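Engineer: One structure follows; several queries about it will come next.
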Amino acid sequence: MALVATPRALFDKVWDAHVVVHREDGQSLLWIDRHFLHEGSFHAFDKLKGRGAEVSRPDLTFGIEDHYVPTRVRDLAKIDPAIRDMIERLRGNASRHHLKLFGLDDPGQGIVHVVGPEQGLTLPGLTIVCGDSHTATHGAFGAIAFGIGASEVAHVLMTQTLWQKRPKRMRISVDGELAPGIVAKDIALSIIAAIGADGAAGHAMEYAGSSVRGLTMEGRLTLCNLSIEAGGRCGMVAPDETTISYLKGRPFAPQGADFDRAAEDWLKLASDADAIFDKEVSLDGSQIAPIVTWGTSPEDALPITMAVPDPDKAGDPGRAAHIRDAIDYMGLKPGQKLTDIRVDRIFIGSCTNSRIEDIRAAAAVLAGRKAQVPGLVSPGSAQVKRQAEEEGLDRIFIEAGLEWVDSGCSMCVGMNGDLVAPGERCASTTNRNFRGRQGPGSRTHLMSPAMAAAAAVTGHLTDMRPLLKGRN
Amino acid sequence: MEAFTKLSGIACPLPLSSVDTDQLIPARFMKRSRAEGYGGYLLHDLRFDEAGAPRPDFPLNALERQGAQVIVARRNFGSGSSREAAVYALVDYGIRCVIAPSFGDIFASNSVNNGLLPAKVAEADGESLIAALEEGARDMLVDLEACRIVVGNLSVPFTVDPVWRTKLLNGWDDIDLTMSQSDAIKAFVAADAKSRPWAMPRRGE
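So the protein lines, in turn, are chains A and B. Numbered per my numbering, the first sequence spans residues 1198 to 1669. Numbered per my numbering, the second sequence spans residues 12 to 216.
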């Protein structure tokens, strides 16, 4: 009897290749190809210590200093001892267990989700985990990548596997030509606004369609990065020629004939034409405008040409309560034009938007202009920083009056002390506008790097398109 | 891990949607080790004002909700960051069950790994539970064997992933379970090296 292959989605092909054991109750023990760690991993290492256990596969485990690292001074002797302690704990654990660590003095240091792809550690067809929800970023290469908690980090450290239940599959198709200046951040925020911050809960997301295919690897990384803000377990884009040419020559990626063999396998990972998804959503890419958030959840996103919503006009009571609460926290009024919202500072950086393309987009708006408000620009990695400086982009930021600092998670989560003051409003290229995310009482508006640069130039939320006229 | 079968305790309404893990425990408290206890930091910036005094209008601060073991919230509870410290804060405070119409995926699995039940209810049932508590009800029964929640005369069903339910009912730990699969893991690794030779990281210079 001939076997008829069931059509499979990209997610299923990668998942199936990693199942060590499948249990009748629906749980699978999955093999994990890459495990990234940062300073927050100390809880998991404490669990290992409690069991007297060793790291099972140090060769597949990589430490990166990013969450707590200072961005203005790199000398640990000069920083808050509590923060220094966090970095030293990671160093101690990495050295005790013989793990490769991208520390502050490593030319490859940076934000874990920028470093993985940059170093060629992130490859198509892999399973990748990290104790950080934005691990979804790595799915841009066609990997299954997701964030895990400390108990799971300890489990992966000890066994290099993880028990998981196969999530449902959801496909988001974005078709059509994007208007000039529209970037992945605008696509992602449009999707979240459309389906809600829990719209993809329990699902693995695949991004498809001509608008997605047209994105660079950097754009795809931004898109997959924000999957978690839609509630998705992970986000993926099928590998194609863009993926392959990005990976060629990366330090940890296969080389020569090995690379060619790999590339052949990777291109076969794309979803079969007749693959079935549990949920399908489509968006018209040509209708997407520059997006900003006004509230305290990433789903509180609107085109910059719109106004703050009115809770009295919201359909259901839960939503009305959320809007009322959010605009109260954010210090806004219903019906206020988004472009009338003044900002106190800007931040360009984070695992969402700190890659060279993001830095270039912000610089294109800022070149020859002065920022009306203070701001911090933190490139995603030491390598992005070097490249930006070679291109002279650092001078554009400095001449505009912004701070050009070293790489780390910085003001996205504020663990290292880069904070937005209570009551202050920040135009930010980050991923979360939660209450207090950038510091107690801080107010965050999410947007693309060019939009954050435009807010710097005018001192309020601004449509960047007129500011880009005649430039490129 | 402590097993969870039936819980009978004080419930507190938290009629907010998208209570994210940054709110459950703000990042600045995460430098502490677990041994120091995270309960004092649960929902810190909502529970306390800038001067550190309890906000009188915050539900968990109400006199009749002291010692609460259950929280009933609106949709998208525990969204955001993967920080397991958010669960530590709930558990160390004394919470054993959170009831909501939807949960952040990572938060829910972190919960189960710490013996905390994330009980999913229909949106309308969630609203009824919140209303009953706001009208003065205090005690709640959460029955994991029957997957039901009872407050006074109100009884509603909840769902939880069946595997998680079994894990909670038995207080199972994954690591022991996985260690018993070490032969299967070895066999997988050997076969995988042949089918995906490119999956190993090349040791970069």
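Here a beta-carbon is modelled for each residue, glycine too, at the ideal position from N, C-alpha and C. All of these numbers come straight from a predicted model, not from anything done at the bench.
Met1198/A CB to nearest chain B CB: under 9 Å?
Structural biologist: Position 1 of the first sequence holds residue 1198/A. Because the pLDDT at Met1198/A is just 49, under 50, the model does not fix this residue reliably, and the value given afterwards should be weighed accordingly. Not an interface residue.
Engineer: Would you call the segment 1498 to 1517 of chain A in contact with the segment 1433 to 1450 of chain A, where contact means no fewer than 3 C-beta pairs closer than 8 Å?
Structural biologist: no
Engineer: Applying a beta-carbon distance threshold of less than 9 Å, which residues of chain B neighbour Val1478/A?
Structural biologist: Here residue 1478/A corresponds to residue number 281 of the first sequence, with the count starting at 1. Here the premise fails: no neighbours, minimum Cβ distance about 17 Å.
Engineer: So Ala1618/A is in the alpha helix (DSSP H); what residue range does that whole segment cover?
Structural biologist: To locate residue 1618/A, count along the first sequence from 1; it is residue 421. DSSP places Ala1618/A outside any alpha helix (DSSP H), giving it a letter other than H or E.
Engineer: Determine the closest residue to Thr1627/A out of Leu1257/A, Asp1209/A and Ser1551/A, with distance taken between C-alpha atoms.
Structural biologist: In the first sequence, residue 1627/A corresponds to position 430, counting from 1. Among Leu1257/A, Asp1209/A and Ser1551/A, the Cα nearest to that of Thr1627/A belongs to Ser1551/A.
Engineer: Give the DSSP-derived three-state secondary structure of Arg66/B in the structure shown.
Structural biologist: Here the question's residue 66/B lines up with position 55 in the second sequence. Three-state DSSP puts Arg66/B in coil, outside helix and strand.
Engineer: Could you work out which residues of chain B lie near Val1218/A, taking near to mean beta carbons separated by less than 8 Å?
Structural biologist: Here the question's residue 1218/A lines up with position 21 in the first sequence. Under the 8 Å cutoff, chain B gives Gln192 and Ala195.
Engineer: To the nearest whole angstrom, what separates the beta carbons of Trp1228/A and Thr1358/A, a pair I think is in contact under 8 Å?
Structural biologist: In the first sequence, residue 1228/A corresponds to position 31, counting from 1. In the first sequence, residue 1358/A corresponds to position 161, counting from 1. Between Thr1358/A and Trp1228/A the Cβ distance is about 6 Å, and since that is below 8 Å, they are a contact.
Engineer: Alpha carbon to alpha carbon, how far is Ala1650/A from Gly1453/A? Give it in angstroms, no decimals.
Structural biologist: As a working mapping, residue 1453/A is identified with position 256 in the first sequence. As a working mapping, residue 1650/A is identified with position 453 in the first sequence. Taking the straight line joining both Cα atoms gives about 41 Å.
Engineer: For the segment 1304 to 1319 of chain A against the segment 1569 to 1584 of chain A, do three or more pairs of beta-carbon atoms, one drawn from each stretch, fall closer than 8 Å, so that the two count as touching?
Structural biologist: yes
Engineer: Could you give the uninterrupted runs of the alpha helix (DSSP H) lying entirely in the segment 30 to 55 of chain B, keeping only those of 4 residues or more?
Structural biologist: 32 to 35
Engineer: Would you say Ile1388/A reaches chain D, if we count a Cβ-Cβ gap shorter than 9 Å as a contact?
Structural biologist: Of the protein chains in the structure, A and B, none is chain D.
Engineer: Count the C-beta pairs between the segment 175 to 187 of chain B and the segment 155 to 164 of chain B that are closer than 8 Å, then say yes if the count reaches three, no if not.
Structural biologist: Output reads yes: the segment 155 to 164 of chain B touches the segment 175 to 187 of chain B.
Engineer: Output, in chain order, the set of chain A residues within a Cβ distance shorter than 8 Å of Trp209/B.
Structural biologist: Your numbering for residue 209/B matches position 198 in the second sequence. Within chain A, the residues near Trp209/B are Leu1320, Pro1451, Asp1455, Phe1456, Arg1458, Ala1459 and Asp1462.
Engineer: Is the beta carbon of Leu1296/A closer than 9 Å to that of Thr1258/A?
Structural biologist: Numbered from 1 along the first sequence, position 61 holds the residue referred to as residue 1258/A. Numbered from 1 along the first sequence, position 99 holds the residue referred to as residue 1296/A. Yes, Cβ-Cβ distance for Thr1258/A and Leu1296/A is below 9 Å.
Engineer: Please confirm whether Ala1394/A and Asn87/B have their CB atoms less than 9 Å apart.
Structural biologist: The residue given as residue 1394/A occupies position 197 in the first sequence. The residue given as residue 87/B occupies position 76 in the second sequence. Taking C-beta atoms as the reference points, Ala1394/A and Asn87/B count as a pair closer than 9 Å.
Engineer: Could you pull out every residue in the same chain whose Cβ sits closer than 7 Å to the Cβ of Pro70/B, ignoring the five residues on either side in sequence?
Structural biologist: Numbered from 1 along the second sequence, position 59 holds the residue referred to as residue 70/B. Within the same chain, and ignoring the five residues on either side of Pro70/B in sequence, the residues whose Cβ sits closer than 7 Å to its Cβ are Cys23, Pro24, Leu25 and Arg76.
Engineer: Does Lys1382/A pass the burial test, meaning 16 or more other C-beta atoms within 10 Å, or should it be called exposed?
Structural biologist: In the first sequence, the residue the question calls residue 1382/A occupies position 185. Note on Lys1382/A: 16 or more other CB atoms within 10 angstroms of its CB, so buried under the neighbour-count rule.
Engineer: Near Trp1360/A, which residues of its chain fall below 6 Å by C-beta distance, leaving aside the five closest residues on each side in sequence?
Structural biologist: In the first sequence, counting from the first residue as 1, residue 1360/A sits at position 163. Excluding positions up to five away in sequence, the list reads Gln1224 and Leu1226.
Engineer: How big is the Cα-Cα spacing for Thr1413/A and Ala73/B?
Structural biologist: Residue 1413/A sits at position 216 when you count from the first residue of the first sequence. Residue 73/B sits at position 62 when you count from the first residue of the second sequence. Between Thr1413/A and Ala73/B, the C-alpha separation is close to 53 Å.
Engineer: With 16 as the cutoff for other CB atoms within 10 Å, does Asn181/B come out buried or exposed?
Structural biologist: The residue you call residue 181/B lines up with position 170 of the second sequence. Here Asn181/B is exposed: its Cβ has fewer than 16 other Cβ atoms, across all protein chains shown, within 10 Å.
Engineer: For Met1198/A, which residues of its own chain have a beta-carbon under 6 Å away from its beta-carbon, when the five flanking residues on both sides are left out?
Structural biologist: Counting from 1 along the first sequence, the entry for residue 1198/A is found at position 1. Its pLDDT being 49, under 50, Met1198/A is placed unreliably in this model, and the value from its coordinates should be taken loosely. No residues qualify anywhere along the chain.
Engineer: Verify whether the separation of the beta carbon atoms of Arg58/B and Tyr49/B is less than 9 Å.
Structural biologist: Numbered from its first residue, the second sequence carries residue 58/B at position 47. Numbered from its first residue, the second sequence carries residue 49/B at position 38. By the CB criterion at 9 Å, Arg58/B and Tyr49/B fall outside the cutoff.
Engineer: Count the CB pairs spanning the segment 1558 to 1567 of chain A and the segment 1283 to 1303 of chain A that are closer than 8 Å, and state whether there are at least three.
Structural biologist: The answer is no - the segment 1283 to 1303 of chain A does not touch the segment 1558 to 1567 of chain A, with fewer than three Cβ pairs under 8 Å.
Engineer: Which residues, in order along the segment 93 to 109 of chain B, keep a beta-carbon less than 8 Å from a beta-carbon of chain A?
Structural biologist: Ser93, Arg94, Glu95, Ala96 and Val98
Engineer: If I follow the unbroken alpha helix (DSSP H) through Pro1514/A, where does it start and stop?
Structural biologist: Along the first sequence, one-based indexing puts residue 1514/A at 317. Segment Pro1514 to Met1527, the alpha helix (DSSP H) holding Pro1514/A.
Engineer: Between which two residues does the beta strand (DSSP E) harbouring Arg1368/A extend?
Structural biologist: Along the first sequence, one-based indexing puts residue 1368/A at 171. Per DSSP, Arg1368/A belongs to the beta strand (DSSP E) from Lys1365 to Asp1372.
Engineer: Tell me whether the beta-carbon of Thr1419/A lies closer than 9 Å to the beta-carbon of Ala1385/A.
Structural biologist: For the purposes of this step, residue 1419/A is taken as the residue at position 222 of the first sequence. For the purposes of this step, residue 1385/A is taken as the residue at position 188 of the first sequence. Result yes, Cβ atoms of Thr1419/A and Ala1385/A sit closer than 9 Å.
Engineer: Within its chain, find whatever has a CB closer than 7 Å to the CB of Ile1593/A; leave out the 5 residues flanking it on each side and keep chain order.
Structural biologist: Here residue 1593/A is taken as the residue at index 396 of the first sequence, counted from 1. Excluding positions up to five away in sequence, the list reads Ala1560, Leu1563 and Ala1564.
Engineer: Tell me where the beta strand (DSSP E) around Ile21/B begins and ends.
Structural biologist: The residue given as residue 21/B occupies position 10 in the second sequence. Taken as a continuous stretch (DSSP letters only), the beta strand (DSSP E) holding Ile21/B covers Lys17 to Leu25.
Engineer: Which same chain residues, not among the five before or five after Ala14/B, have their C-beta less than 8 Å away from its C-beta?
Structural biologist: Translated into the one-based positions of the second sequence, residue 14/B becomes position 3. These residues qualify, in order along the chain: Gly126, Leu179, Leu180, Asn181 and Gly182.
Engineer: Tell me the DSSP secondary structure of His1400/A in three-state form.
Structural biologist: For this step, residue 1400/A is matched to residue 203 along the first sequence. Three-state result, His1400/A: strand.
Engineer: Within its chain, find whatever has a CB closer than 6 Å to the CB of Trp1491/A; leave out the 5 residues flanking it on each side and keep chain order.
Structural biologist: Position 294 of the first sequence, counted from the start, is the residue given in the question as residue 1491/A. Within the same chain, Trp1491/A has close Cβ partners Asp1497 and Val1505.
Engineer: Taking the runs of the beta strand (DSSP E) that are 3 residues or longer, which of them lie wholly in the segment 1232 to 1263 of chain A?
Structural biologist: 1258 to 1261
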